[in-house]
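In my numbering, the protein residues as written are 17 to 97.
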């Protein structure tokens, strides 16, 4: 780099800045994607857990409306278990 002319150095610095900006953008997008994936996974896990609880209540003869109140699932979802 010591051998670069002033103009070449300016071009180099600009290219380096563009690269770093691009890299930061990609890293940020990847981080957000991972966060979103984790959030979706947790939501799916919670829903699946509620369905398992509802299925157990249903097997024990608990009223469908009571199951819906306790789990937050709809009556239709519970009936389909």
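Virtual Cβ for every residue (Gly too), placed ideally from N, Cα, C. None of the values given here were measured: they were computed from a predicted structure.
Problem set entry | Secondary structure of residue 72, DSSP reduced to three states | helix
Problem set entry | Cβ neighbours of residue 88 in the same chain (closer than 7 angstroms, five flanking residues each side left out) | 66
For this session: Give the DSSP-derived three-state secondary structure of residue 89 in the structure shown.
Result: Note: residue 89 maps to coil in three-state DSSP.
Exercise. Below 9 angstroms between beta carbons: does that hold for residue 71 and residue 32?
Worked result: no
Exercise. For residue 78, which three-state DSSP category applies?
Worked result: Residue 78: coil per DSSP, three-state reduction.
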